[in-house]
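Take a look at the structure below.
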Amino acid sequence: MKKLAFPDPFRHDHPPVRELSEIDPGPSTYGERFADWVYKNLGSWKFILIQSMLVAVWVVLNAGAYLRPWDPYPFIFMNLIFSLQSAYTASLILMSQNRQDRLKSHNDYLMNLRAEEESKAVLENFAAQNKALQEIYEELSAMRSRIEIGGCAKNMRKA
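Take 553 as the starting number for the sequence shown in the working numbering and just add one per residue.
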């Protein structure tokens, strides 16, 4: 019987999958670091509490009768500051998210390459198994026909 041929076992020659936060994207610019800082800190309770305290102090100082208010009710200057803050904050957060999305898409691309390599190896193994099964089937069919021919010859001798 001919020896069956199978492909060599698949070797994982790629580095292990890492958490996205562990990947070093390389040196970042001051703007990228600042955008990341804004992204991390503006969505925190610390920022909300500090901003709430500043608004409360602003309102008390401008609504109180004991000081000459620099921004009397309805606090138009404070609204202008909040509008500027939201415009710049939104841009900085979007910049940080774009940077993180680039890192994530690169990581996804690497994962897809690894998955493709492994899928290709599995398909090659399946093809080799199908070929081996075909060879086994052909050999069994040949043995069966020899047995049937041999059995017919014995039956003919008996008769």
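C-beta atoms are modelled at their ideal positions from N, C-alpha and C, and glycine is treated no differently.
N- and C-terminal bounds of the alpha helix (DSSP H) containing residue 610 | Segment 597-615, the alpha helix (DSSP H) holding residue 610.
Is residue 671 near the ligand ADP, with its Cβ less than 8 Å from a heavy atom?
-> Although the ligand ADP was asked about, the structure shown includes no ligands whatsoever.
Give the single residue among 616, 641, 612 whose Cα lies nearest to the Cα of residue 599.
-> Residue 599 has its Cα closest to that of 641, out of 616, 641, 612.
Alpha carbon to alpha carbon, how far is residue 627 from residue 611? Give it in angstroms, no decimals.
-> As the crow flies, the alpha-carbon of residue 611 is around 8 Å from that of residue 627.
So, helix, strand or coil for residue 589, using DSSP?
-> Helix.
Using DSSP with H/G/I as helix, E/B as strand and the rest coil, what is residue 623?
-> Residue state, collapsed to three classes: coil.
If you check the beta carbons only, do residue 584 and residue 638 fall under 9 Å apart?
-> Contact annotation: residue 584 and residue 638 have beta-carbon atoms that are not nearer than 9 Å.
For residue 560, three-class secondary structure by DSSP | The answer is coil: DSSP assigns residue 560 none of H, G, I, E or B.
Can you find at least 3 beta carbon pairs, one from the segment 584-596 and one from the segment 649-660, that sit closer than 8 Å?
-> Three or more beta-carbon pairs drawn from the segment 584-596 and the segment 649-660 are found closer than 8 Å, and the two stretches are therefore classed as touching.
CA-CA distance, residue 614 and residue 602?
-> Those two C-alpha atoms are separated by around 18 Å.
For residue 618, three-class secondary structure by DSSP | Secondary structure of residue 618 (DSSP, three-state): coil.
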